[in-house]
Amino acid sequence: MRADLLVGRVVLDAAGAKVGRVRELLVELAAPGAREYVVREVELSTGGVLDRVLGPQLAAIVRRRLGRPTNRRRVRWDEIDLTNPQAPRLRR
0 MRADLLVGRV VLDAAGAKVG RVRELLVELA APGAREYVVR EVELSTGGVL DRVLGPQLAA
60 IVRRRLGRPT NRRRVRWDEI DLTNPQAPRL RR
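So the sequence shown is numbered by numbering that gives the first Met the number 0: it starts at 0 and just counts up by one.
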């Protein structure tokens, strides 16, 4: 799956509840000198519209001023179920 198609997708938990949207992927070289990359982690965010309209940095500032925490969560790549890439889920 292409990474750009995953960023922004809503991720659900095993029960079907929304966990957040894919905000970033932590990608590393598969091995030193290799040409292949491997996804190690996925960062999920519940910033929603605020993140998309203002951008993540400005949205974080606005949330702090409003007294709302920035909700981000890192999940290991092997915890993501991409059986249906249109609707990624957490395995646990």
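Glycine is no exception: its CB is placed at the ideal position from the N, C-alpha and C atoms. All figures in this text were calculated on a predicted structure; none of them were measured in a lab.
State the CB to CB distance for the pair residue i and residue j, rounded to an integer number of angstroms; the pair is presumed to be in contact (CB under 8 Å).
| i | j | result |
| --- | --- | --- |
| L43 | V6 | Incorrect: roughly 11 Å between the Cβ atoms, too far for contact. |
| A58 | G66 | In fact, because the Cβ distance is near 14 Å, the residues do not count as touching under 8 Å. |
Can you check DSSP and say which residues form a bridge with residue i?
| i | result |
| --- | --- |
| L25 | E40 |
| D80 | R88 |
| G19 | V10 |
| V74 | V41 |
Indicate whether residue i and residue j have their beta-carbon atoms separated by less than 8 Å.
| i | j | result |
| --- | --- | --- |
| V37 | V26 | yes |
| R8 | R20 | yes |
| P84 | M0 | yes |
| A2 | L24 | yes |
Please list, in chain order, all residues of the same chain as residue i whose beta carbon is under 8 Å from its beta carbon, the five residues on each side excluded.
| i | result |
| --- | --- |
| I79 | V10, V41, P87, R88, L89 and R90 |
| N70 | G19, S44, T45 and G46 |
Count the other CB atoms within 10 Å of the CB of residue i; is the residue buried (16 or more) or exposed (fewer)?
| i | result |
| --- | --- |
| D50 | buried |
Among residues of its own chain, excluding the 5 on either side of residue i, which ones have a beta-carbon nearer than 6 Å to its beta-carbon?
| i | result |
| --- | --- |
| R73 | E40 and E42 |
| R62 | T69 |
| R64 | none |
Within a Cβ cutoff of 7 Å, which residues of the same chain sit near residue i, ignoring the five residues on either side of it in sequence?
| i | result |
| --- | --- |
| W76 | V38, R39, E40 and V41 |
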